[in-house]
Each structure stands twice: as structure tokens, then as C-alpha cells.
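Novice:
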Amino acid sequence: MVRVNAINCRVYFAGKNQTQDQQDPVINAAMEELKKIKFNNDDVRYVKKLGAKPPFKNGHQAYDFIRNNDIQVKFMKLPSEDIHAQWDVQNKTIKINEKYKDTKSKAVVLAISESILHETGHAKDLDGDSSIQEEVNCLSLNSMAHRSLNAKDPGIFETSDASILQNGVNLYSSMYFNKDLTDLITKVRKSYGHLAAGDAKHPASNFATAIKNGEPNFVVTA
Ligand SMILES: [Zn+2]
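Reminder that position 78 of the sequence shown reads as 421 in the numbering used here, one-by-one numbering, no gaps.
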């Protein structure tokens with residue numbers, strides 16, 4: 344039997360948001376999960392005390408920001424296996440590593456929704472620059488989201504050993520909410536230490552400065 348490959352037979356509708364209805368089903372599922380994400384008030388208080396300024400109050404705000412600004416969310420090839428997601432300002436696109444494209448795992452879908460939330464935090468200032476403070480802010484989003492998703496469905500994140508979980512959202516949430524911040528400081532410094540502590544839109548907190556200067560003994564005060 345001769346099989347004809349379906350070649351990109353997308354139907355485009357006229358008007359704004361024309362491609363949103365043709366999104367990948369996994370992206371669609373992750374966007375639906377994003378919409379439902381709420382943060383625990385104690386977690387919000389904690390990350391603010393640490394020095395973070397979460398760019399959104401909940402997942403729904405991030406979802407609305409994506410829709411209102413015609414931001415695309417797509418699976419794409421990323422420069423490295425270890426990069427789970429990326430904000431591309433030129434193309435107004437949040438790119439998710441295509442290796443998760445056909446996932447059947449609920450945990451991975453939730454991890455993608457957390458990654459979208461993180462990248463939307465970067466998108467919010469409408470530039471392609473970052474700083475340690477901007478990362479601290481965006482990491483607070485996925486770390487808080489992870490805890491509330493885990494509280495809703497305990498153990499869900501232990502059901503997959505995908506890198507986006509083990510080296511991504513699981514890891515960051517546990518480091519962020521650890522009393523001992525050494526691992527978080529070391530990890531953020533390793534990944535983002537080359538960036539400035541802060542920038543005009545994201546003035547550096549004491550925490551961002553401690554990361555920049557490599558002071559692993561930073562403690563939350565006040
Ligand atoms: Zn980031």
C-alpha cells in the first residue's frame with residue numbers, strides 16, 4: 344500500500360490569532376494547565392522575602408499575556424538537550440524543546456506548563472535581555488507553580504524521569520524552597536552568573552547580588 348504523507352496541510356483562518364487553533368495537542372494541554380495554576384499565599388510571601396518579584400499573580404495572567412500579545416508557543420529544536428524552553432523575542436515565540444513533542448506523560452505536560460510560565464515571565468518586559476534578578480523572578484514562578492501542582496496531585500512529578508523534570512522544574516522548586524540556599528545560589532550562578540545582577544527593569548535584590556558575587560551563605564532576613 345502506498346501511503347501519502349500528510350504534508351503540512353494546515354488550514355489558516357483569516358484574522359488575529361489565526362494559528363492558535365492549530366496548535367500541537369501537547370502545547371494545548373499545557374496551556375490549559377497553565378490557565379489553572381494558582382500560587383500558595385505563603386509561597387508568594389516567601390519568594391518576595393527572598394528578593395524575587397514574581398511577574399504574574401497566577402497562571403491565568405500569563406495565559407492572557409500570551410494570547411493578548413499574539414505570542415506563539417511551539418515545539419522547536421533548541422541549541423542543547425539541556426535547554427528545556429526558550430523565549431525568542433524576535434519571533435515572539437516561546438520555544439519548547441521538541442524532544443517532548445509526543446509525550447504521553449501528564450507530569451511532562453505539567454512541566455511544560457511551568458516552563459511556559461517561566462518563559463512568559465521573560466516575555467513580559469518585551470525584550471530579549473535578562474539578568475540574574477530577572478531569572479530569580481522567573482524561577483520563582485515555576486517554583487511556586489510546581490508546589491501547587493504537586494499539592495493538587497501528590498507524587499505526580501515522581502512518575503517521570505524526563506530531564507525537564509529531574510534537571511528542571513523538580514530541581515528548581517526544591518532548591519528554591521530549601522532553607523539552605525547554597526544549591527540554588529550555586530546553580531543559578533553557574534547558569535546565569537555571566538549576566539548582570541540586575542537591570543533597569545529588574546533592579547538587583549540583595550539575593551541577586553549574592554548570587555553574582557558567589558556568596559553561598561546568603562540568608563533571608565527581614
Ligand atoms: Zn529563564
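Here a beta-carbon is modelled for each residue, glycine too, at the ideal position from N, C-alpha and C. Remember, predicted model here, so these are calculated numbers, not experimental data.
Mind listing, in chain order, the residues whose beta carbon lies closer than 6 Å to a non-hydrogen atom of ligand 1?
Specialist: This selection yields His461, His465, Glu478, Cys481.
Novice: Can you tell me the Cβ-Cβ gap for Ile370 and Lys449, rounded? I've got them flagged as a contact below 8 Å.
Specialist: Ile370 to Lys449, Cβ: 15 Å. No contact.
Novice: So the candidates are Asn510, Lys544, Pro546; which of them puts its Cα closest to the Cα of Lys530?
Specialist: Selected option, being the one with the closest Cα: Asn510.
Novice: Using a Cβ distance threshold of 8 Å, determine whether the region 532-544 contacts the region 476-491, with at least three qualifying pairs required.
Specialist: These segments touch.
Novice: Can you tell me whether DSSP reads Thr529 as helix, strand or coil?
Specialist: In this structure, Thr529 counts as helix in the three-state DSSP scheme.
Novice: Cβ of Gln429 within 8 Å of Cβ of Glu462?
Specialist: Contact: yes.
Novice: What span of residues does the alpha helix (DSSP H) with Val432 cover, start to end?
Specialist: Unbroken run through Val432: none, as it is neither H nor E.
Novice: Compute the beta-carbon to beta-carbon distance between Ala405 and Leu377, rounded to the nearest angstrom, for a pair I have assumed lies under 8 Å.
Specialist: Contact holds; Cβ gap of about 6 Å.
Novice: Roughly how many angstroms lie between the CA atoms of Asn549 and Asp542, to the nearest whole one?
Specialist: Taking the straight line from one Cα to the other gives about 14 Å.
Novice: Does the beta-carbon distance from Phe399 to Leu514 come in below 8 Å?
Specialist: No, Cβ-Cβ distance for Phe399 and Leu514 is not below 8 Å.
Novice: For Leu538 versus Ser473, is the C-beta distance shorter than 8 Å?
Specialist: Yes. Within cutoff.
Novice: Run through the region 489-539 for me and flag every whole alpha helix (DSSP H) of 4 or more residues, listed as ranges in chain order.
Specialist: Fully enclosed alpha helix (DSSP H) runs of 4 or longer: 513-519, 525-535.
Novice: Since Gln476 sits in a beta bridge, which residues does DSSP pair it with?
Specialist: Per DSSP, none; premise fails for Gln476.
Novice: If you compare alpha carbons, which of Thr436, Leu453, Asn434 is closest to Tyr443?
Specialist: It is Leu453.
Novice: Note down, in chain order, each residue of its chain lying with its Cβ closer than 8 Å to the Cβ of Ser491, except the 5 sequence neighbours on either side.
Specialist: So the qualifying residues of the chain are Ile380, Lys381, Phe382, Asn383, Asp386.
Novice: Which of helix, strand or coil does DSSP assign to Phe418?
Specialist: In the structure shown, Phe418 sits in a strand (DSSP, three-state: E or B).
Novice: If you count every other CB in all the chains shown that lies within 10 Å of the CB of Lys501, and 16 or more means buried, which is it?
Specialist: Note on residue identity: the sequence assigns Glu, not Lys, to residue 501. Glu501 is exposed by the Cβ-count criterion.
Novice: Which residue wins for smallest C-alpha separation from Lys417, given the options Pro397, Val432, Glu441?
Specialist: The residue with the shortest Cα to Cα distance from Lys417 is Glu441.
Novice: Please classify Ile409 as buried or exposed, where buried requires at least 16 neighbouring CB atoms within 10 angstroms.
Specialist: Buried, since its Cβ has 16 or more Cβ neighbours within 10 Å.
Novice: With DSSP as the reference, please indicate the residues paired to Ile439 in a beta bridge.
Specialist: DSSP lists Phe418, Ala428 as partners of Ile439.
Novice: Report yes if the CB atom of Asp445 is closer than 8 Å to the CB atom of Lys438, and no otherwise.
Specialist: Contact: no.
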